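Q: Residues in the sequence shown are numbered consecutively from 87, following the numbering used here.
Quick reminder that beta carbons are idealized off the backbone N, C-alpha and C, glycines included.
In this text the structure is predicted, and so the values were computed from the model without any measurement.
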Amino acid sequence: MARSKGRKKANSTFGSRTDVGCVRDHNEDSLAVTPPLYVVCDGMGGHAAGEVASEIAVDVISQRSPDHADAAALGQAVEEANLAVIKAAREGVGRAGMGCTCTAAILEKERLVIAQVGDSRAYLLHQGKLQQLTRDHSLVADLIEAGQITEAEARVHPQRSVITRALGSDPRTQPDLFEINVEAGDRLLLCSDGLSTMLEDPEIEKILKNASDPQRCAAQLVNEANGLGGYDNVTVIVVDVTGLAEQRQRKMTRRARATAIMLGVLLVAVLAGCVYGFNYLATNSAYLVDQNGKVAIYQGVPGELFGFSAHKLVRATEVSTDDLQPGTANRLREEGIKVDNLDAAESLVKEYETEIAERRTADEAAAAEAAAAGQQSGSADAPPSSDGAVPGGAQPDGGAPTSGDAAPADESAQPAATPAADPAQPAR
Numbered sequence: 087m088a089r090s091k092g093r094k095k096a097n098s099t100f101g102s103r104t105d106v107g108c109v110r111d112h113n114e115d116s117l118a119v120t121p122p123l124y125v126v127c128d129g130m131g132g133h134a135a136g137e138v139a140s141e142i143a144v145d146v147i148s149q150r151s152p153d154h155a156d157a158a159a160l161g162q163a164v165e166e167a168n169l170a171v172i173k174a175a176r177e178g179v180g181r182a183g184m185g186c187t188c189t190a191a192i193l194e195k196e197r198l199v200i201a202q203v204g205d206s207r208a209y210l211l212h213q214g215k216l217q218q219l220t221r222d223h224s225l226v227a228d229l230i231e232a233g234q235i236t237e238a239e240a241r242v243h244p245q246r247s248v249i250t251r252a253l254g255s256d257p258r259t260q261p262d263l264f265e266i267n268v269e270a271g272d273r274l275l276l277c278s279d280g281l282s283t284m285l286e287d288p289e290i291e292k293i294l295k296n297a298s299d300p301q302r303c304a305a306q307l308v309n310e311a312n313g314l315g316g317y318d319n320v321t322v323i324v325v326d327v328t329g330l331a332e333q334r335q336r337k338m339t340r341r342a343r344a345t346a347i348m349l350g351v352l353l354v355a356v357l358a359g360c361v362y363g364f365n366y367l368a369t370n371s372a373y374l375v376d377q378n379g380k381v382a383i384y385q386g387v388p389g390e391l392f393g394f395s396a397h398k399l400v401r402a403t404e405v406s407t408d409d410l411q412p413g414t415a416n417r418l419r420e421e422g423i424k425v426d427n428l429d430a431a432e433s434l435v436k437e438y439e440t441e442i443a444e445r446r447t448a449d450e451a452a453a454a455e456a457a458a459a460g461q462q463s464g465s466a467d468a469p470p471s472s473d474g475a476v477p478g479g480a481q482p483d484g485g486a487p488t489s490g491d492a493a494p495a496d497e498s499a500q501p502a503a504t505p506a507a508d509p510a511q512p513a514r
């Protein structure tokens, strides 16, 4: 008989099943699945007695157990269940001598506590290996510990059903307490002896490993026990330990969210910085560049930033690039000349205008001086008088005067031929 009550959500998934088996005519087992509490009780005492004892025990433990993994408090709840079963028998509820075994567990995150009386068991599948957590309070268990029989012999021993400790027999009965650290991926199994007497541990281990869903795992365990004869009632609870996995997942989610927010803030800051820098450059920088042969003033910086133009034309000046020094002209044509601001650009243009004006003035002055020098040279080299006479009326070499229209002798001409002497004329 299952019991449940309101509790906080567990950090595990679970499955359970109880079955009368193939031989008994009624089910004396009871169980409680109220995470984080799990209880299996196997009743003893015959018809209409064992089931009463197990039901009373489950009810009391469910009501008195702690909300957290406290072994001492869970043990106290089991002791109160023992007293409740004894009291019920005295008051005529059930039957005198009735009792039950009990295995109660609280699983909280990665901590497991168990309170156990009798031969109902708790197993843990850890890293694929099955281990029995509890010790049977039975005659055959004592014989095995004493070395008098083997486990194989215990399974067929005629006194294998004799229990040495149970709820309902002694008001001083105390449960064995266990405190165990578990981890995500482990699997907890609570069961009555109807399972452990039918299936050996290797078979239980195999099913726990292969059946991924805990509810199907519980059903398969019961079916296997019934398939082997089902000589007793079978009750099974399978709990998958998630431990801190859910908490870690929530922490990782919060961390990822915080990281995303930080990255978003950083991205916004970067974009804001870029916008600010873009705006600063666009409003606090300037440059000069050649445009159609004239010097133009631009505000901003040349080119683009993030696909946006970072400059605008302020004005095209009347300064001709060809009128500037060759080095300056080349810089203006190729890459432009950057300045701090528009005032500096305007100032540089004025310097260009002044430079060009001064050069033009100097060129005009030089031209005027050249013209004046040419006039003075022309006066010093004036031509001869109109009658062709040389001043003084004599040639430099003392020869006879020549007519005014005789051309100067050509130095390259051959000497004139001397007339031959006339043979008719006598010599003088």
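Assign Cys-108 to one of three DSSP states: helix, strand, or coil.
A: Three-state DSSP puts Cys-108 in coil, outside helix and strand.
Q: Do you know offhand how far Val-144's Cα is from Gln-217's?
A: Each residue's alpha carbon lies about 25 Å from the other.
Q: Of all the options Ala-208, Leu-274, Asp-318, Gly-316, which has the alpha carbon lying nearest to the alpha carbon of Ser-298?
A: The option with the nearest alpha carbon to Ser-298 is Leu-274.
Q: What does DSSP give as the partner residue(s) for Glu-265 in the beta ladder?
A: Answer is Val-199.
Q: Mind checking whether Val-199 and Ala-240 have CB atoms under 7 Å apart?
A: Not in contact: Val-199 and Ala-240 (Cβ atoms no closer than 7 Å).
Q: Measure the alpha-carbon distance for Phe-264 versus Gly-233 and round it to whole angstroms.
A: Their Cα atoms are separated by approximately 24 Å.
Q: Which runs of the beta strand (DSSP E) fall wholly inside the region 142-186 and span at least 3 residues, in chain order?
A: Complete beta strand (DSSP E) runs here, min 3: none at all.
Q: In the structure shown, what three-state DSSP assignment does Thr-99 receive?
A: DSSP places Thr-99 in strand when its eight states are reduced to three.
Q: Rounded to a whole number of angstroms, what is the C-alpha to C-alpha distance between Ala-135 and Ala-175?
A: About 9 Å.
Q: Could you work out which residue in Ala-430, Leu-357, Ile-347 is closest to Glu-386 when comparing CA atoms only?
A: Residue 386 is actually Gly in this sequence, not Glu. The residue with the shortest Cα to Cα distance from Gly-386 is Ala-430.
Q: For Val-400, which option in Gly-379, Ala-415, Thr-369, Ser-406 has the closest C-alpha, if you only look at C-alpha atoms?
A: Nearest C-alpha to Val-400: Thr-369.
Q: Given this structure, state the Cα-to-Cα distance separating Ser-463 from Ala-457, to the nearest angstrom.
A: Straight-line Cα distance between these residues: approximately 10 Å.
Q: Drop a sphere of 10 angstroms on the beta-carbon of Ile-347, count the other beta-carbons inside from all chains shown, and report buried for 16 or more, exposed for fewer.
A: Exposed, by the Cβ-count rule.
Q: Output the residue ranges of the alpha helix (DSSP H) runs that lie fully inside the region 201-275 and measure 4 residues or longer, sorted by chain position.
A: Whole alpha helix (DSSP H) segments, 4+ residues: 225-231, 237-240.
Q: To which residues does DSSP link Met-130 through a beta bridge?
A: BP columns for Met-130 point to Gly-185.
Q: Let's see if you can read the secondary structure: which residues bound the beta strand (DSSP E) around Ser-282?
A: Careful: Ser-282 lies outside any beta strand (DSSP E), inside the alpha helix (DSSP H) at 279-282.
Q: Just to confirm before moving on: does the CB-CB distance between Thr-403 and Val-375 stay below 7 Å?
A: Against a cut-off of 7 Å, the Cβ pair of Val-375 and Thr-403 comes out as no contact.
Q: Looking at Pro-388: is its Cβ nearer than 7 Å to the Cβ of Gly-422?
A: A contact, by the Cβ cut-off of 7 Å.
Q: With DSSP as the reference, identify every bridge partner of Glu-194, one or two as the case may be.
A: According to DSSP, Glu-194 bridges with Arg-197.
Q: Ignore the nearest five residues each way along the sequence and tell me which others in Ile-293's own chain have a CB closer than 6 Å to its CB.
A: If we look at Ile-293 and ignore the five residues flanking it on each side, its Cβ neighbours are Gln-306, Leu-307.
Q: Put Ser-116 into one of helix, strand or coil per three-state DSSP.
A: Three-state DSSP puts Ser-116 in a strand.
Q: Touch check for the region 269-284 and the region 195-212: three-plus C-beta pairs under 8 Å?
A: Yes: at least three Cβ pairs fall under 8 Å.
Q: By a C-beta neighbour count over all protein chains shown, 10 Å radius and 16 as the cutoff for buried, is Tyr-124 buried or exposed?
A: Answer is buried; the Cβ neighbour count reaches 16.
Q: Over the uninterrupted beta strand (DSSP E) stretch that includes Leu-285, give me the two end residues.
A: Where Leu-285 is concerned, there is no enclosing beta strand (DSSP E), given that its DSSP letter is neither H nor E.
Q: What do you get for Asp-222, buried or exposed, if any count of 16 or more other CB atoms within 10 angstroms of its CB means buried?
A: Label assigned to Asp-222: buried.
Q: Can you give the beta carbon distance from Asn-168 to Gly-254, rounded, assuming they're within the 8 Å contact cut?
A: Between Gly-254 and Asn-168 the Cβ distance is about 7 Å, and since that is below 8 Å, they are a contact.
Q: Just tell me which of Thr-345, Leu-410, Leu-160 has its CA closest to the CA of Pro-122.
A: With distances taken between Cα atoms, Pro-122 lies closest to Leu-160.
Q: May I ask you to list the residues that DSSP assigns as paired with Val-400?
A: Answer is none; Val-400 lacks a bridge partner.
Q: In terms of alpha-carbon separation, which member of Cys-188, Ala-355, Ser-395, Thr-440 lies closest to Leu-410?
A: It is Thr-440.
Q: Starting from Ala-415, trace the alpha helix (DSSP H) both ways and give me its first and last residue.
A: That run of the alpha helix (DSSP H) goes 412-420.
Q: Ala-372 lies in the beta strand (DSSP E); which residues open and close that run?
A: Segment 372-377, the beta strand (DSSP E) holding Ala-372.
Q: How many Å lie between Asn-312 and Gly-107 at the Cα?
A: One C-alpha to the other measures close to 6 Å.
Q: Check whether the Cβ atoms of Val-320 and Gly-280 sit closer than 7 Å, and answer yes or no.
A: Yes, Cβ-Cβ distance for Val-320 and Gly-280 is below 7 Å.
Q: Per DSSP, what kind of secondary structure is Thr-321 in: helix, strand or coil?
A: Reduced to three states, the DSSP call for Thr-321 is strand.
Q: Classify Glu-137: buried if its beta carbon has 16 or more other beta carbons within 10 angstroms, exposed otherwise.
A: Buried is the call here.
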